[in-house]
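Asks:
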Ligand code: IDP
Ligand code: MG
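In my numbering, the protein residues as written are 26 to 157.
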């Protein structure tokens, strides 16, 4: 059983979508291991998105992710990273299929309501960063 890190971003938290996100993960068959509301510091956000530092939207991304509380979760299940990203949908909600979280609840890439780890290494890094 793998674990993955998932986070409802400030827009999803402010819109009251935490319950819907948790329900989708539970209904898919994931097991919730841990969860909490967190206000990220800029330092934490920059560390979390370190691999995107060279992107033109990096500052916008960090400003956004520290703009309000997030809901951080650890989910456990078979092929957790792949299955979680399938539930979440494509990065740009314009490309995300209906039935995925971004496809159903988001319209703009900069505020796409949810994050999910993209590899086992990043899941371990992100879980450590948020929960230890
Ligand atoms: P992912 O969240 O689907 O893994 P990443 O490439 O890791 O996508 O990008 C992290 C986040 O950066 C995305 O979820 C999205 O919110 C934001 N992002 C990606 N591309 C853009 C962009 O062109 N403008 C603004 N934000 C972006
Ligand atoms: Mg990513």
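Yeah, the Cβ is synthetic: ideal placement off N, Cα and C, and Gly gets one too. For clarity, every value in this text was computed on a predicted model and none was experimentally measured.
Are the stretch 52-62 and the stretch 78-92 touching by the rule of at least three beta carbon pairs closer than 8 Å?
Replies: Remark: fewer than three beta-carbon pairs, one from each stretch, lie closer than 8 Å, so the stretch 52-62 and the stretch 78-92 are not flagged as touching.
Asks: On a Cα-Cα basis, can you pick out the residue from 32, 36, 46, 26 that is closest to residue 126?
Replies: 46
Asks: Using a Cβ-Cβ cutoff of less than 7 Å, which residues in the same chain neighbour residue 142 once the five nearest sequence positions on both sides are dropped?
Replies: 29, 30, 106, 148, 151
Asks: Give me the Cα-Cα distance between residue 54 and residue 26, rounded to the nearest whole angstrom.
Replies: 12 Å
Asks: Pick out the complete beta strand (DSSP E) segments inside the stretch 89-140, 3 residues or longer, and give them in chain order.
Replies: 95-102
Asks: Span of the beta strand (DSSP E) holding residue 57?
Replies: Its beta strand (DSSP E) spans residues 56-63.
Asks: For residue 129, collect the residues of the same chain with a Cβ closer than 7 Å to its Cβ; drop the 5 residues on either side in sequence, then sort them by chain order.
Replies: Excluding positions up to five away in sequence, the list reads 123.
Asks: State the DSSP-derived secondary structure class of residue 45, mapped to helix, strand or coil.
Replies: Here residue 45 sits in helix by DSSP.
Asks: For the beta strand (DSSP E) containing residue 27, list its first residue and its last residue.
Replies: Element bounds for residue 27: 27-33.
Asks: Thinking C-beta only, is residue 70 closer than 8 Å to residue 90?
Replies: yes
Asks: Tell me the DSSP secondary structure of residue 143 in three-state form.
Replies: coil
Asks: Report, in whole angstroms, the separation of the C-beta atoms of residue 131 and residue 93, which I expect to be a contact under 8 Å.
Replies: Rounded, the Cβ-Cβ distance is 16 Å, inconsistent with contact.
Asks: How would you label residue 79, buried or exposed, when you count the other beta carbons within 10 angstroms and need 16 or more for buried?
Replies: exposed
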